[in-house]
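Single-structure report; data block below.
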Amino acid sequence: MAELKTQYLSLNLKNPLLVSSSGITGSLSGVRQCASAGAGAVVLKSLFEEQISAELGGAGGSLGSAFPVEAEGYLEMLGKTAGPASYLDLIRQCKQEISVPVIASVNCQTSGWWTEYAQQIEQAGADALELNIAIMPHRQDQTAKDLEDRMITVVKQVRSHTTLPLAVKIGSHFTALPHTVRALKDAGAGAVVLFNRFYQFDIDPVALKPVPFNRYSSSEDLSRPLRWTSILAPQNICELSLTTGIHRGLDAAKALVAGAQTIQVASVLYKKKIAAVGIILEELDSWLDQNGYASVDAARGQLAQKGNYKPEELERIQYIQAITDKS
Ligand SMILES: Cc1cc2nc3c(=O)[nH]c(=O)nc-3n(C[C@H](O)[C@H](O)[C@H](O)COP(=O)(O)O)c2cc1C
Numbered sequence: 002m003a004e005l006k007t008q009y010l011s012l013n014l015k016n017p018l019l020v021s022s023s024g025i026t027g028s029l030s031g032v033r034q035c036a037s038a039g040a041g042a043v044v045l046k047s048l049f050e051e052q053i054s055a056e057l058g059g060a061g062g063s064l065g066s067a068f069p070v071e072a073e074g075y076l077e078m079l080g081k082t083a084g085p086a087s088y089l090d091l092i093r094q095c096k097q098e099i100s101v102p103v104i105a106s107v108n109c110q111t112s113g114w115w116t117e118y119a120q121q122i123e124q125a126g127a128d129a130l131e132l133n134i135a136i137m138p139h140r141q142d143q144t145a146k147d148l149e150d151r152m153i154t155v156v157k158q159v160r161s162h163t164t165l166p167l168a169v170k171i172g173s174h175f176t177a178l179p180h181t182v183r184a185l186k187d188a189g190a191g192a193v194v195l196f197n198r199f200y201q202f203d204i205d206p207v208a209l210k211p212v213p214f215n216r217y218s219s220s221e222d223l224s225r226p227l228r229w230t231s232i233l234a235p236q237n238i239c240e241l242s243l244t245t246g247i248h249r250g251l252d253a254a255k256a257l258v259a260g261a262q263t264i265q266v267a268s269v270l271y272k273k274k275i276a277a278v279g280i281i282l283e284e285l286d287s288w289l290d291q292n293g294y295a296s297v298d299a300a301r302g303q304l305a306q307k308g309n310y311k312p313e314e315l316e317r318i319q320y321i322q323a324i325t326d327k328s
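Heads up, the sequence shown is in our numbering, so the first residue is 2 and it goes up one at a time.
Here's what the structure looks like:
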């Protein structure tokens, strides 16, 4: 058996497989099942910045005019029923009962009032905090720099309120991702999570409204985070956690040799139940044995360590071959 222990965000993990933020990790019983299935750590379901602001509304944290009245009512209701206070309770309960590290998660877009809440997350006992920063470029007067600066400001602001290790989960569309990752690291992130899987967009052409589709990923969705992990990891900017498309031990092995420090799963647990955590770990363990790696640390980043991996040249050649191949 290979050694699966590893470190992530200065935490000691028994293995690199995390259950990522989702409905499954929004309750004590879900987190308990993930820990029993063997997860190395658990990222709790995200609390939305708007839920925190809704509760802080009376203290000056109004939602502002960004939301129509009915949406604001919904968010206020959400803030009161499943809001920041119950989130802190969930963290405390998890820490009392569960032995694996618990990473809290906030889905945010601004560096407003809510960032002070990071301190409360720390006091409740979370081992780390993941910020899911989800800013869509909707307007023509927003530049890439405006949006990236906003992300950096959020991270700096949260950093000023907590000493917890910080991971930042980002989307996959950036013009100069390595530069952005460097800026996130400089702002205080210890890890970047590649990538958030935004809800997939479709249109109902009769009802004339946007509708979500394809909620769950498959192994085919691994390609994008895998490519970026392999490009970023050799640059040693910060730790990388790969999420999107990990469904089998082989997927986890690919992420590891590309250089991921940890791997996060959600869809596979919805498709095959939480026990899939144990199956992926067994498959990864066998793969490590079969390929002569004594530990996950030994396998990590081997793609680049072979010394001949130059993504900018290799990918260009593969691209030319693919489109000129006559067969
Ligand atoms: C039902 C569902 C709920 C999710 N909720 C959250 C969430 O609250 N916060 C978050 O950061 N990511 C959330 N995600 C994204 C997952 O954490 C994960 O990053 C993404 O689904 C890609 O991993 P996968 O391919 O293993 O599903 C959710 C995913 C699913 C399928």
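Here a beta-carbon is modelled for each residue, glycine too, at the ideal position from N, C-alpha and C.
All of these numbers come straight from a predicted model, not from anything done at the bench.
| Check | Outcome |
| --- | --- |
| Beta bridge counterpart(s) of PHE49 as assigned by DSSP | ASN108 |
| Exposure of VAL207, with buried meaning 16 or more beta-carbon neighbours within 10 Å | exposed |
| Anticipated Cβ contact below 8 Å, VAL43 with ILE104, distance rounded | 7 Å |
| Buried or exposed by the 16-neighbour rule on C-beta atoms within 10 Å, applied to GLY293 | exposed |
| Cβ separation of GLN262 and THR7, assumed to be a contact under 8 Å, to the nearest whole Å | 7 Å |
| Segment contact, 8 Å Cβ cut-off, at least three pairs: the region 124-141 with the region 154-164 | yes |
| Outcome for ALA253 when other beta-carbon atoms lying within 10 angstroms are tallied against a minimum of 16 | buried |
| Endpoints, beta strand (DSSP E) assigned at ALA190 | Premise fails: ALA190 is in no beta strand (DSSP E) and is neither H nor E. |
| Neighbourhood of GLU50 by C-beta, 8 Å cutoff - its chain only, sequence neighbours within 5 removed | VAL107, ASN108, CYS109, GLN110, THR111, GLY113 and TRP115 |
| ALA36 versus LEU241: straight-line alpha-carbon distance, rounded | 22 Å |
| Rounded distance between the beta-carbons of GLY39 and LEU282, thought under 8 Å | 5 Å |
| Given 8 Å, three or more beta-carbon pairs between the region 168-183 and the region 227-242 | yes |
| DSSP three-state assignment for ALA36, whether helix, strand or coil | helix |
| Any non-hydrogen atom of ligand 1 closer than 8 Å to LYS329 Cβ | A question about residue 329 goes unanswered here, because the residues of the chain that appear run from 2 up to 328. |
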